Amino acid sequence: MSEQFDLADRRLSGGKGIDTEELTGKTFPYQFDRSLVDDVDLHAATPGEDINWLEDIELMTEDGVNAVFDRYTNAFLKIYFEIPAGRENEYARKVLVKHLQEGNSYGIWLKHKHAKFAQPELGSWLAGSATVGANWTPPELAGWQKPDH
Amino acid sequence: MEQVSAAPQGGRYDIRGLAEPDATAPKNAVVSGSTAEFDAAELSTRQVNLELRRLVYGEGVTEVTVHNPGAKHSLSVGLLARCRVRIDGSLGYFGCGLIDGPEIHVTGRVGWSVAENMMSGVVVVDKNAGSLTGAALRGGDLVIRGHVGARTGIDQKGGTIVVGGNAGTLTGFMMQRGRQIICGDAGNGMGDSMYDGAIYVGGKVASLGVDCVEAELTETDREFIDRKCAIYRLDQPATFRKFVCGKKLWNYDNLEPNERKLVL
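From first to last, the protein sequence lines stand for chains A and B. 1 is the number of the first residue of the first sequence in our numbering; add one for each residue after it. 1001 is the number of the first residue of the second sequence in our numbering; add one for each residue after it.
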């Protein structure tokens, strides 16, 4: 379970392409070290008898760098380590699952603040995940007063 | 500000849009270890969904059977955890929508838009499904053993839809990604305005929609069809034809990068 990201030093470039590093202000070790994702079990991490939703996940490129698309953030996560030929999609999937299971997906992280209903934070990737959204309150505009009618 | 307050015209109002803001889980399930079952006959839609979430999120139950669903709409929606749910009967509209992780088996029929916006998981329906089956599907497997209505997989963005029987008109309408396996026949306008993805048809195709063309069936395609039919124990016809986007309508190069991400 991840701690909430510290976004104090984050600087958004305002560019059209927003990737995970820009949104979170940081990179993650498994983007650089292949050995950190080697033991990810894709079948165990997905429902059903095959790899289910990961069938749609393929290695892509962003800014000329290998990347996997994180649909929960709507952004690319770059992969900097060397990928053996023929195993491109496998490693893209493993990096993505590791990213999700460690709670580092920016879109999932936003649940802490914006989820309106109680739900598991990391959903289908991690059994016993923490609950978020149980105490959501509507945002209030400073100085706003409820009308009488 | 409170989430729930008195509405000006009487009753209760929930700022999140809940139709029954004061509903609570009925706690009528019989729980045995990691399995549970309950009767939905006298419960409202929201009570059924609250009971499912209480069991899966709160009680650590991983297998739930729901008896007497009564073809209610919007049952078993929004489940965001790995679990197995058996719906012992039929569902109305929008059943099993917005899920991420569950494996759901419906023993009866389903109405419009079953498994719409599913992110991951498996939904198997033993009988027929209405129109808009798997609308905007993002991932996972949706299996209909019977026939399906019109616009199956409309705006599909991923995942796999498998139909044991026939599919109605405009199957794969505006499909953007993912795969469909139709073991029977497909109606008029199949694949109309599809941008990507593949539709495999075992029977006859009444007519193709705009910019949908036939493609060569590869060994990879064959392995995929065989695997899915074996997993779900579906009889498949001897041959399949593959249909894809003709790419005449592609305008991605002119779109901003973020537009491109909408279809990933």
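Backbone N, C-alpha and C define an ideal beta-carbon position, used for all residues, glycine too. Bear in mind the structure is a predicted one, so any value in this text is a computation, not a measurement.
Query raised in the report: What residues from chain A crowd round D1141 of chain B, counting only those whose CB sits closer than 7 Å?
Result: Here the neighbours are G48, N52.
Query raised in the report: Which residues does DSSP pair with S1120 of chain B in a beta bridge?
Result: According to DSSP, S1120 of chain B bridges with B:D1100.
Query raised in the report: Between which two residues does the beta strand (DSSP E) harbouring L1050 of chain B extend?
Result: Residue range 1045-1053 is occupied by the alpha helix (DSSP H) that includes L1050 of chain B, with no beta strand (DSSP E) assigned at that position.
Query raised in the report: To which residues of the same chain is Y1195 of chain B closer than 6 Å at the C-beta, ignoring the five residues directly before and after it?
Result: So the list reads Q1176, C1245, once near-sequence residues are dropped.
Requested in this report: Quick one: list the residues of chain E neighbouring P147 of chain A, beta-carbon separation under 7 Å, in chain order.
Outcome: Of the protein chains in the structure, A and B, none is chain E.
Report task. Under 6 Å Cβ to Cβ from M1 of chain A, same chain only, skipping five residues before and after it: list those, please. Result -> Any reading at M1 of chain A must be qualified, since the residue scores a pLDDT of 48, below 50, and its modelled position is unreliable; the value itself is stated next. Excluding five sequence positions before and after M1 of chain A, the CB atoms of its chain that fall closer than 6 Å to its own CB belong to G103, A130, given in chain order.
Query raised in the report: Within the 8 Å Cβ cut-off, does M1190 of chain B reach chain A?
Result: By the rule that beta-carbons nearer than 8 Å mark a contact, M1190 of chain B does not touch chain A.
Query raised in the report: In three-state DSSP terms, what is M1 of chain A?
Result: For M1 of chain A, the predicted structure reports a pLDDT of 48, less than 50, and the residue's modelled location is therefore unreliable. A value from the coordinates is still provided. When DSSP states are grouped into helix, strand and coil, M1 of chain A belongs to the coil group.
**Report entry** Proximity test, Cβ basis, 8 Å: R34 of chain A and chain B
**Finding:** No, R34 of chain A lies away from the interface with chain B (no Cβ there is under 8 Å from its Cβ).
Report task. Residues of the segment 1121-1140 of chain B with a CB closer than 9 Å to any CB of chain A: list them in chain order, please. Result -> Shown in chain order are the members of the segment 1121-1140 of chain B whose Cβ falls below 9 Å from a Cβ of chain A: G1121, V1122, R1138, G1139, G1140.
Query - Start-end ranges of the beta strand (DSSP E) lying completely within the segment 70-146 of chain A, minimum 3 residues - result: Taking only runs of at least 3 residues, the beta strand (DSSP E) segments lying wholly in the segment 70-146 of chain A are 75-78.
Report task. Pick helix, strand or coil for Q31 of chain A, following the three-state DSSP scheme. Result -> Look at Q31 of chain A here: in three-state DSSP terms it is helix.
Query raised in the report: How many Å lie between H112 of chain A and I1225 of chain B at the Cα?
Result: Going from the Cα of H112 of chain A to the Cα of I1225 of chain B covers about 40 Å.
Requested in this report: In angstroms with no decimal places, state the Cα-to-Cα distance between A1019 of chain B and Q1236 of chain B.
Outcome: So the alpha carbons of these two residues sit roughly 43 Å apart.
**Report entry** Cβ neighbours of K1127 of chain B in the same chain (closer than 6 Å, five flanking residues each side left out)
**Finding:** Cβ neighbours of K1127 of chain B beyond the five flanking positions: G1108, R1109, G1146.
Requested in this report: Hey, could you find the ends of the alpha helix (DSSP H) D1226 of chain B is sitting in?
Outcome: D1226 of chain B: member of the alpha helix (DSSP H) spanning 1219-1231, first to last residue.
Report task. For the segment 79-94 of chain A and the segment 1177-1192 of chain B, state whether three or more C-beta atom pairs, one from each stretch, are separated by less than 8 Å. Result -> Contact between the segment 79-94 of chain A and the segment 1177-1192 of chain B is not established, with fewer than three Cβ pairs separated by less than 8 Å.
Query - Neighbour flag for G123 of chain A against chain B, beta carbons, 8 Å - result: Interface flag for G123 of chain A against chain B is set, since a Cβ pair is found closer than 8 Å.
Query raised in the report: Exposed or buried, which one is H114 of chain A when buried takes at least 16 other CB atoms within 10 Å?
Result: Burial call: exposed.
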